[in-house]
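Enquirer: Next up is a structure, given as structure tokens.
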Amino acid sequence: GKKNYLIMIIGVVVILIGFALMLGGGSDDPTIFNEEIYNFQRIRLAPTVVLIGLAIEVYAIMANPGQEKK
């Protein structure tokens, strides 16, 4: 239903935010090592956000739109 598609769009946005958090940290010069690539944002936060987005996608697929709370 329409609700499921809305939840799926939210999940995709969360996944894209997670991948955006992984960007950067590299060096233009391959002979210089940048420690910034191993910060909390890229190692812990971004993968967690991506997994949350995937969980939202699974929920959107499994949710039954005809079932309402009483």
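Mind the numbering: the sequence shown is residues 5 to 74 in the working numbering, read in order. Idealized CB from N, CA, C, for every residue including glycine. Note that the structure is a prediction, hence the values are computed from the model and not measured.
So the alpha helix (DSSP H) ALA67 belongs to, where does it begin and stop?
Expert: Premise fails: ALA67 is in no alpha helix (DSSP H) and is neither H nor E.
Enquirer: Rounding to the nearest angstrom, what Cα-Cα distance links LEU20 and PRO69 in this structure?
Expert: About 25 Å.
Enquirer: So, do the segment 26–37 and the segment 59–66 have three or more beta carbon pairs nearer to each other than 8 Å?
Expert: As far as the Cβ criterion goes, the segment 26–37 does not touch the segment 59–66, which means the pair count is below three.
Enquirer: What is the rounded straight-line gap between the Cα of GLN45 and the Cα of ILE14?
Expert: Straight-line Cα distance between these residues: approximately 21 Å.
Enquirer: Alpha helix (DSSP H) containing ASN8: first to last residue?
Expert: Where ASN8 is concerned, the enclosing alpha helix (DSSP H) stretches over 6–26.
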